[in-house]
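Numbering (the numbering used here), first residue to last: 113 to 173.
Just so it is clear, CB atoms sit at the ideal spot from N, CA and C, and this is done for glycine as well.
This is the structure:
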């Protein structure tokens with residue numbers, strides 16, 4: 113970006129957002145009010161995002 117002084121100014125912002133998610137599910141097999149099997153599953157995952165935005169001047173030449 114060219115500033116009012118005619119020089120190039122570089123702007124950089126680094127942002128990290130991390131989200132943690134977990135979920136749990138139960139699966140079971142029933143027949144005539146009798147349970148024949150059960151599976152318990154638990155999931156866990158993360159999300160990461162980065163962005164570069166023109167916010168603060170870092171250096172110029």
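- Looking at the DSSP output, residue 147 shares a beta bridge with 142.
- Sequence-distant Cβ neighbours of residue 149 in its own chain, meaning closer than 6 Å and more than five residues away, are 141.
- Taking C-beta separations shorter than 7 Å and ignoring five residues to either side along the sequence, the partners of residue 135 in its chain run 155, following chain order.
- The beta carbon of residue 137 is closer than 7 Å to those of 153 in its chain, skipping five residues each way along the sequence.
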